[in-house]
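K.L.:
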Amino acid sequence: MGRRKRGNQEVSNLNKKQKKHLKEYGEQHPFHDNVVDRPEETQILRLPNSHPQRRQPEYEEGSDEEQQSAYQKLLSTMIQGADVNSEESEVDEEVLEVVEREGQEDEIDDDDDDDDGGDDEEDVEEEDDDGEDLGEEDKDLPDDSENKAQPEKKEEEDTEEIIEGEFTDKKNEAAFCLEKNLPAEGENSEELKEDMFVEHQEKELSEEEVSQISGGSKFKTQVKWPKLGTLQCVRQLERFPALGQPSSAPVPPIHKTIQANWHQLNQSSQSGSGAVPDVTELQKELLGLMGTYKDVYFANSSPLRETKEVRSAYCFHVLNHVLKANSRVLRNNAKLKENKDAEEDFRDQGITRPKVLILVPIRDGALRVVQTFITLMEPKGKKIDVSNKKRFKEEFGEESDNTPSNLQRPDDYHAIFSGNVDDHFRIGVSVMKHSMCLYSPFYSSDIIIASPLGLRTVLGADGESKRDFDFLSSIELLIVDQADVFLMQNWEHVLHVLNHVNLQPLDSHGVDFSRVRMWNLNNWAAHYRQTLVFSAIQEPQITNILTKHCHNYRGQVHCKTTPKVGSICQVLVQLPHVFQMFHTDSFRDQDARFQFFVDKILPQYKDSVMSHTLIYVPSYFDFVRLRNYLKKRDVSFASISEYSQRSEVSRARHYFQKGEKQFLLFSERFHFYKRYTIKGIFNLIFYGLPTYPNFYSEVCNMLQADVRESGSSPSFTCTALYSRYDTHRLAAITGADRAAQMLHSKKPVHLFITGEENNT
């Protein structure tokens with residue numbers, strides 16, 4: 001990586017005798033010897049012109065479309081090296097003499113035209129911006145010349161193989177490295193030493209501190225911020241200061257590429273006409289918290305309110321991080337070019353290039369993230385160059401056959417399932433100062449945006465032959481957006497991805513180890529990774545991400561919210577709510593809940609008087625267990641789950657409404673994805689408290705449909721089961737104060753009545 005540039009610079013250091021030797025004998029100079037898997041020169045020289053020649057990694061950038069010999073490539077390299085070192089006149093005269101002797105003027109002239117103006121650093125930067133991380137559709141290698149405007153058909157076939165090959169370009173991945181690019185002329189080369197980005201990257205940990213982090217020692221503090229609420233701070237190392245008030249964590253220094261768009265942070269999420277909102281106080285606190293490079297868990301990101309603000313904030317943080325990291329590499333490249341003999345080490349890279357991994361549940365979320373990136377990077381009144389933008393809109397935009405449904409659904413449903421709802425996707429994004437490339441190969445991308453399912457198919461499992469996870473080895477920033485939606489998809493996919501982040505890669509992928517940071521080489525990347533988790537609810541499974549999979553040496557911050565008013569207050573039906581507590585020794589122990597339901601609850605509803613009973617089951621595993629139990633006991637029931645066919649759902653709803661089936665087994669995921677109104681409910685049983693608090697009131701309000709149709713108010717009942725491990729769900733439904741009383745009370749049964757002026 002970067003050897004060809006340094007090799008071309010050394011051409012000017014040869015004396016006349018050495019240059020004459022190269023011209024007369026055509027021998028390769030030693031700086032061209034270290035080429036991986038290079039065939040012998042004799043094999044290349046004997047190939048006919050019609051034979052498709054295998055390209056060499058080192059010569060791809062400057063080669064013609066027509067086949068060249070090794071001698072011609074040497075001459076072309078000498079020309080390019082002379083251009084870089086601003087010694088065109090002397091070398092060009094010598095090369096032209098060789099051209100006359102060999103009778104190869106046409107080929108060399110083509111090379112000469114291609115290299116015209118190649119010594120300008122501004123041109124190098126333009127090539128870097130427009131073609132650094134090229135997509136598979138309409139780009140070629142970064143340093144290709146103008147005569148590559150019409151690539152061969154074989155190259156087009158190779159790009160199609162890249163798309164089918166999970167965006168991995170093993171043949172050309174070394175050509176996308178940042179090492180050979182230089183900053184644009186006039187770009188500020190001074191690095192802000194007070195920036196937390198630099199401090200976080202350069203902080204060196206000792207082996208004792210790494211052992212202390214792995215050992216699980218924690219120092220806990222608590223602070224309250226105006227917008228984020230109560231922040232619980234956890235530190236593994238005592239030498240790093242605890243988090244204070246918002247003034248102690250201001251908005252970090254901003255890269256100048258996006259500094260002008262600071263006050264347009266919410267422009268991409270603005271709907272309709274009107275003034276673009278300024279940066280909100282919530283976003284300022286979030287950016288200040290992200291700028292400390294601590295892990296953050298924000299559990300109040302409602303899809304109706306905070307989600308858009310949160311997305312804009314973390315996209316801004318991602319771009320700020322990536323642009324600073326890339327600028328640092330380019331700045332060090334310039335220093336290496338100026339001082340070739342300098343002994344200073346520039347440890348500024350990971351083993352692989354991807355720095356950021358963003359997990360979003362559906363394609364529409366990825367579309368909004370990329371749109372936010374483009375909005376933040378575009379200068380005022382100008383457009384940035386975005387490669388493969390048309391293809392991206394076609395694949396991630398709203399599907400044409402997505403006709404709106406006539407069913408009336410809540411606002412949160414439309415907020416989650418707007419646009420393209422496909423959950424199998426992945427895309428690489430490379431970012432430069434004035435351009436962005438979509439669909440870049442993973443190993444040449446700065447940012448990877450994917451769904452857990454989309455990554456799972458690439459990562460594979462143990463024993464599979466085709467699997468790859470090396471591109472996740474150097475992730476510095478991991479974002480899990482809408483983590484609550486992942487609970488409704490497949491949480492195992494999320495855990496599988498987390499288990500493969502920051503693992504030591506199996507291959508070097510052409511990396512220059514002299515530029516790799518020491519903590520990457522020591523396999524300590526997980527201790528430097530910042531993880532940002534955003535969710536609409538507080539759930540133990542989500543909290544477990546930071547507890548088990550996050551080991552940031554700077555610590556973690558949990559934004560806790562305590563709802564004073566629960567969703568039970570939104571129930572409009574006159575209904576008695578009976579909450580029954582059962583005892584269990586573990587959060588994962590589902591046997592205690594099942595036995596309590598079978599022994600205490602179900603016998604009360606087997607009488608024909610208690611017909612029209614809906615059993616709401618949050619977990620699909622519990623759903624299958626109950627379904628099998630009811631089948632064995634020959635109980636009259638119907639079932640609806642997320643896997644039920646439309647005809648099965650229609651029959652089950654019909655039989656239950658008419659009373660032909662006494663019980664209806666109803667899964668939470670079906671309600672999450674469909675939001676159907678079930679008619680004919682007289683009795684409700686919540687086998688477990690709903691994951692989303694608003695689901696409790698929505699299901700209870702389904703009883704209103706029968707009241708409106710019949711005009712009378714039959715006697716309804718509602719029973720809910722809970723344990724001491726359901727603290728967050730219970731507090732969201734009944735309120736924090738009532739939940740605390742219920743959990744510490746000696747009585748296992750509590751009654752609430754809704755639909756009256758004076759609730760009990």
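First residue of the sequence shown: 1, per the working numbering; consecutive thereafter.
For each residue, glycine too, the CB sits at the ideal point set by N, CA and C.
#1: Report yes or no: do the stretch 534–547 and the stretch 661–675 share at least 3 C-beta pairs separated by less than 8 Å?
#2: Looking at C-alpha atoms only, which residue of N523, K548 and V516 is the closest neighbour of T531?
#3: Is T717 helix, strand or coil by DSSP?
#4: Going by DSSP, what residue range makes up the alpha helix (DSSP H) through H728?
#5: Compare the beta carbon distance of K218 and R239 with 8 Å and say whether it is the shorter of the two.
#6: Quick check: the Cα distance between D120 and E395, rounded to an integer number of angstroms?
#7: Less than 8 Å between the CB atoms is what I'm expecting for L487 and T754, so what's the real figure, rounded?
#8: Tell me which residues share the same chain as A705 and place their Cβ nearer than 7 Å to its Cβ, disregarding the 5 neighbours each side in the sequence.
#9: Just to check, is the beta-carbon of G291 closer than 7 Å to a non-hydrogen atom of the ligand COA?
#10: Between the Cα of E492 and those of S444, L455, F637 and R409, spot the shortest distance and give me the residue it belongs to.
#11: Would you tell me roughly how many angstroms separate the C-alpha atoms of E209 and L237, rounded to the nearest one?
#12: Just the Cα atoms here: how many angstroms apart are D295 and C233?
#13: Compute the Euclidean distance between the alpha carbons of P303 and D385, then round it to the nearest angstrom.
#14: Let me make sure I understand the geometry here. Which of V360, I351 and D364 has the alpha-carbon closest to that of S514?
#15: In angstroms with no decimal places, state the Cα-to-Cα distance between S301 and T307.
#16: From the DSSP output, in three-state form, read off G288 for me.
#17: Rounded to the nearest angstrom, what separates F637 and F594 at their Cα positions?
#18: Going by the CB atoms, is the gap between Y696 and S567 shorter than 8 Å?
#19: Between the alpha carbons of K746 and F582, how many angstroms are there, rounded?
#20: In the DSSP assignment, find the unbroken alpha helix (DSSP H) run with M432 in it and report its ends.
#21: Measuring CA to CA, which of L376, D348, K600 and T717 is closest to K256?
#22: By how many angstroms is the C-alpha of E281 removed from the C-alpha of S765?
#23: Determine the DSSP secondary structure at E66, reduced to helix, strand or coil.
#24: By Cβ distance below 6 Å, which residues in the same chain neighbour V766 in space, the five residues on each side in sequence not counted?
#25: Please report the Cβ distance between L575 and R627, rounded to the nearest whole angstrom; I am assuming they are in contact, meaning their Cβ atoms lie under 8 Å.
#26: Give me the Cβ distance between N320 and I254, rounded to the nearest whole Å; I'm assuming they're in contact under 8 Å.
#27: With respect to the beta strand (DSSP E) encompassing A638, which residues constitute its N-terminal and C-terminal limits?
#28: Going by DSSP in three states, G510 sits in which element: helix, strand or coil?
#29: With C-beta atoms as the reference, is Y293 less than 8 Å away from R554?
#30: Are the Cβ atoms of G216 and A249 separated by less than 8 Å?
#31: Excluding the 5 residues flanking E480 on each side, which residues of the same chain have their C-beta closer than 6 Å to its C-beta?
#32: Do you know offhand how far S535's Cα is from K337's?
#33: Just to confirm, is the Cβ distance from D470 to L506 under 8 Å?
#34: Have a look at F682 and V598 and give me their C-alpha separation to the nearest angstrom.
#35: How should K153 be labelled, buried or exposed, when 16 other C-beta atoms within 10 angstroms of its C-beta is the threshold for buried?
#36: Mapping DSSP to helix, strand and coil, what is S247?
P.N.:
Looking at the atomic coordinates:
#1: no
#2: K548
#3: strand
#4: T727 to T734
#5: no
#6: With a pLDDT of 42 at D120, under the threshold of 50, the modelled position of that residue is not reliable, and the figure given next carries that caveat. The straight-line gap from Cα to Cα measures roughly 38 Å.
#7: That belief does not hold up - the Cβ atoms of L487 and T754 are roughly 27 Å apart, past 8 Å.
#8: T677 and K679
#9: By its list of ligands, the structure shown contains no ligand whatsoever, and the ligand COA lies outside what it can speak to.
#10: L455
#11: 7 Å
#12: 10 Å
#13: 31 Å
#14: I351
#15: 5 Å
#16: helix
#17: 18 Å
#18: yes
#19: 12 Å
#20: Neither: M432 is in no alpha helix (DSSP H) and is coded neither H nor E.
#21: L376
#22: Residue 765 is absent from the model: the chain starts at 1 and stops at 760.
#23: At E66, the pLDDT of 42 sits below 50, so the modelled position is not reliable; the number obtained from the coordinates is stated separately. Coil at E66, not helix or strand.
#24: What the structure shows of the chain is the stretch from 1 to 760, and residue 766 is not part of that stretch, so it cannot be assessed.
#25: At roughly 26 Å, the Cβ-Cβ gap does not stay under 8 Å, so L575 and R627 are not in contact.
#26: 6 Å
#27: F637 to I640
#28: coil
#29: yes
#30: no
#31: It is Val, not Glu, that sits at residue 480 in the sequence shown. Once the five neighbours on either side are set aside, the close Cβ partners of V480 are L359 and V533.
#32: 46 Å
#33: yes
#34: 20 Å
#35: Legend: pLDDT at K153 = 42, less than 50; position of this residue unreliable, value from coordinates given subsequently. So K153 counts as exposed.
#36: helix
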